[in-house]
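>
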Amino acid sequence: MRLLVLLALAWVAAPVSAQSGPLHDQEVTWRSYNGDRPRAVRVRVFASGDERRPHTVVVDDRAANGRAPVTDEAPYVAETIGRELGFNPVEAAFVFRFTAASFAEEGSDSGKAVLVKATFRRTSSGSLGSPSWRVLTPEALEDLTDRQMR
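Residues -18 to -1, 1 to 132 in mature numbering (1 follows the signal peptide of the UniProt record, and there is no 0) are what the sequence shown spells out, letter by letter.
1. Could you tell me which uninterrupted beta strand (DSSP E) segments, each at least 3 residues in length, are contained entirely in the segment 87 to 122, listed from first to last along the chain?
2. In chain order, what are the residue ranges of uninterrupted beta strand (DSSP E) at least 3 long that sit wholly in the segment 36 to 72?
3. Nearest CA to the CA of Glu9: which residue from Asn47, Val96, Pro113 and Glu33?
4. What number of angstroms, rounded off, separates the C-alpha of Arg49 from the C-alpha of Tyr58?
5. Could you check how far apart the C-beta atoms of Glu22 and Thr38 are, in whole angstroms? I think they sit under 8 Å.
6. Count the other CB atoms, across all protein chains shown, that sit within 10 Å of the CB of Val117; report buried if there are 16 or more and exposed otherwise.
7. On a CA-only basis, which of Val96, His6 and Glu33 is nearest Val27? Give me that one, please.
8. Excluding the 5 residues preceding and the 5 following Phe78 in the sequence, name in chain order all residues of the same chain whose CB lies nearer than 6 Å to its CB.
9. What three-state label does DSSP hand Val(-14) in the structure shown?
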């Protein structure tokens, strides 16, 4: 019995790994600055080991969004995601993920992807400033999320 109690305590006290799944996996929508129609992305939020940026947000663009990529509105999108999911976007690394499904409705969301990481700072007015961009490898994304994105 004592062994069962110790095992149960060890299991409860063990840190939760990102392998247990994303903290959030949902669609986020907004009205674009560039037009009347709503835009949408799939958003997955993962816990990160980085104290300065404890969240990694993977944003999948969709072909239905039209010709302009979601990165055209990156600060607005990041602010919207942070507000909807309850965290400060400057405390997250955003990875914008583009697959065949980002460009053609019948395209696949698996396979090769273009991965672009964005981080933000607040301006003196309190709004999000322009992002700092960096192209990522699939291995770098795996390190950020503790999982393979296929």
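The beta-carbon is built from N, C-alpha and C at its ideal position, and this holds for glycine as well.
Let's see:
1. Listed in chain order, the complete beta strand (DSSP E) runs (minimum 3 residues) inside the segment 87 to 122 are 96 to 101 and 114 to 118.
2. Taken in chain order, the complete beta strand (DSSP E) segments of 3 or more residues contained in the segment 36 to 72 are 37 to 42.
3. Minimum Cα-Cα distance from Glu9 among the listed residues Asn47, Val96, Pro113 and Glu33 corresponds to Asn47.
4. In a straight line, the C-alpha of Arg49 is about 18 Å away from that of Tyr58.
5. Inspection of the sequence shows that residue 22 is occupied by Ala rather than by Glu. Their Cβ separation, rounded to whole angstroms, is 20 Å, which puts Ala22 and Thr38 out of contact at 8 Å.
6. Burial call: exposed.
7. Measuring from the Cα of Val27, the nearest candidate turns out to be His6.
8. Excluding residues within five positions, the ones whose Cβ falls inside 6 Å are Val41, Thr53 and Val98.
9. Interpretation of Val(-14) is limited by its pLDDT of 36, a score under 50 that renders its predicted location unreliable; no figure is taken from the coordinates.
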